[in-house]
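Okay, structure first, notes after.
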Amino acid sequence: ERIKELTSEFEARGAKVYLLYLPYADGYDSHAFARRNREIASGNDAFNCQKCIDVRRLVAVEELRWDDGAHLDDRSALIVAEALERRLLVQR
4 ERIKELTSEF EARGAKVYLL YLPYADGYDS HAFARRNREI ASGNDAFNCQ
54 KCIDVRRLVA VEELRWDDGA HLDDRSALIV AEALERRLLV QR
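Take the position in the sequence shown, starting the count at 1, then add 3; the result is the number in our numbering.
Structure, rendered in C-alpha coordinates:
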(Lines of atoms letter the chains of each structure in order from A and count residues from 1; the text may use other names and numbers.)
(Lines give C-alpha, C1' and ligand atoms only; values in the text may rest on other atoms or scores of the structure.)
Protein backbone atom coordinates (compact mmCIF):
# COMPACT_ATOMS: atom_id res chain seq x y z
CA GLU A 1 0.00 0.00 0.00
CA ARG A 2 2.86 2.38 0.76
CA ILE A 3 4.28 1.97 -2.73
CA LYS A 4 0.91 2.98 -4.18
CA GLU A 5 0.72 6.00 -1.87
CA LEU A 6 4.20 7.20 -2.79
CA THR A 7 3.59 6.61 -6.49
CA SER A 8 0.47 8.77 -6.35
CA GLU A 9 2.29 11.50 -4.45
CA PHE A 10 5.17 11.63 -6.94
CA GLU A 11 2.85 11.54 -9.94
CA ALA A 12 0.77 14.36 -8.46
CA ARG A 13 3.98 16.41 -8.46
CA GLY A 14 4.56 15.64 -12.13
CA ALA A 15 7.04 12.79 -11.84
CA LYS A 16 6.91 9.71 -14.02
CA VAL A 17 7.13 6.60 -11.84
CA TYR A 18 8.39 3.19 -12.93
CA LEU A 19 8.87 0.04 -10.89
CA LEU A 20 12.07 -1.75 -11.84
CA TYR A 21 12.88 -5.41 -11.36
CA LEU A 22 16.53 -6.40 -11.65
CA PRO A 23 16.95 -10.17 -11.85
CA TYR A 24 19.10 -12.21 -9.53
CA ALA A 25 21.45 -15.01 -10.55
CA ASP A 26 19.93 -18.33 -11.57
CA GLY A 27 18.41 -20.01 -8.55
CA TYR A 28 17.99 -16.80 -6.58
CA ASP A 29 15.46 -15.32 -9.02
CA SER A 30 12.97 -18.11 -8.30
CA HIS A 31 13.52 -17.94 -4.53
CA ALA A 32 10.56 -16.95 -2.34
CA PHE A 33 12.32 -13.67 -1.42
CA ALA A 34 12.54 -12.58 -5.07
CA ARG A 35 8.98 -13.70 -5.83
CA ARG A 36 7.67 -11.80 -2.80
CA ASN A 37 9.53 -8.62 -3.83
CA ARG A 38 7.91 -8.80 -7.28
CA GLU A 39 4.49 -9.35 -5.72
CA ILE A 40 4.86 -6.47 -3.27
CA ALA A 41 5.88 -4.00 -5.96
CA SER A 42 3.64 -5.04 -8.84
CA GLY A 43 0.83 -7.04 -7.29
CA ASN A 44 1.89 -10.30 -8.97
CA ASP A 45 4.83 -12.69 -9.20
CA ALA A 46 5.16 -12.09 -12.94
CA PHE A 47 6.02 -8.42 -12.28
CA ASN A 48 3.55 -7.36 -14.90
CA CYS A 49 1.91 -3.97 -14.42
CA GLN A 50 1.50 -0.69 -16.25
CA LYS A 51 4.45 0.91 -14.42
CA CYS A 52 6.66 -2.21 -14.37
CA ILE A 53 9.95 -2.50 -16.19
CA ASP A 54 11.25 -6.04 -15.93
CA VAL A 55 14.90 -6.23 -16.96
CA ARG A 56 14.39 -9.95 -17.69
CA ARG A 57 12.33 -8.82 -20.70
CA LEU A 58 14.93 -6.29 -21.90
CA VAL A 59 18.17 -8.27 -21.92
CA ALA A 60 19.33 -11.85 -22.34
CA VAL A 61 19.59 -12.74 -18.66
CA GLU A 62 21.92 -15.65 -19.40
CA GLU A 63 24.50 -13.08 -20.54
CA LEU A 64 24.44 -11.27 -17.18
CA ARG A 65 26.89 -11.98 -14.36
CA TRP A 66 26.62 -11.30 -10.65
CA ASP A 67 29.37 -10.75 -8.10
CA ASP A 68 27.36 -12.45 -5.36
CA GLY A 69 24.10 -13.65 -6.89
CA ALA A 70 22.30 -10.36 -6.30
CA HIS A 71 24.61 -7.56 -7.47
CA LEU A 72 25.52 -7.26 -11.14
CA ASP A 73 29.17 -6.99 -12.13
CA ASP A 74 30.27 -3.82 -13.98
CA ARG A 75 29.88 -5.32 -17.45
CA SER A 76 26.35 -6.56 -16.72
CA ALA A 77 25.35 -3.28 -15.08
CA LEU A 78 26.35 -1.50 -18.29
CA ILE A 79 24.27 -3.92 -20.39
CA VAL A 80 21.26 -3.27 -18.16
CA ALA A 81 21.79 0.52 -18.11
CA GLU A 82 21.92 0.66 -21.90
CA ALA A 83 18.77 -1.48 -22.19
CA LEU A 84 16.96 0.76 -19.71
CA GLU A 85 18.04 3.86 -21.58
CA ARG A 86 16.64 2.44 -24.84
CA ARG A 87 13.40 1.45 -23.08
CA LEU A 88 12.90 4.83 -21.45
CA LEU A 89 13.64 6.73 -24.65
CA VAL A 90 10.81 4.79 -26.34
CA GLN A 91 8.47 5.92 -23.52
CA ARG A 92 8.89 9.60 -24.35
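Note that beta-carbon positions come from the ideal geometry of N, C-alpha and C, so glycine has one too.
Excluding five sequence neighbours on each side, which residues of the same chain lie with their C-beta closer than 7 Å to the C-beta of G46?
Here G46 has C52 as same chain residues with Cβ atoms under 7 Å from its own Cβ, once five neighbours each way along the sequence are excluded.
On a Cα-Cα basis, can you pick out the residue from K19, E14 and S79 that is closest to R56?
A small fix is needed here, since residue 56 is Ile in this sequence, not Arg. Taking only the C-alpha atoms, the option nearest I56 is K19.
Who does L23 pair with in a DSSP beta bridge?
DSSP, once it has assigned bridges, lists I56 as partnering L23.
Between the CA atoms of S33 and R39 - distance to the nearest angstrom
Roughly 10 Å between the two C-alpha positions.
Tell me the DSSP bridge mates of L75?
Residue pairing by DSSP puts L75 in a beta bridge opposite W69.
Roughly how many angstroms separate the alpha carbons of I82 and D71, rounded to a whole number?
The alpha-carbon atoms of I82 and D71 are separated by roughly 18 Å.
Excluding the five sequence neighbours on either side, which residues of its own chain have a C-beta within less than 8 Å of the C-beta of H74, listed in chain order?
If we look at H74 and ignore the five residues flanking it on each side, it has no Cβ neighbours.
Would you say the beta carbon of V62 is closer than 7 Å to some non-hydrogen atom of the ligand GTP?
With respect to the ligand GTP, the structure offers nothing, as it holds no ligand at all.
Please classify V83: does DSSP put it in a helix, a strand, or coil?
Under the three-state reduction of DSSP, V83 is assigned to helix.
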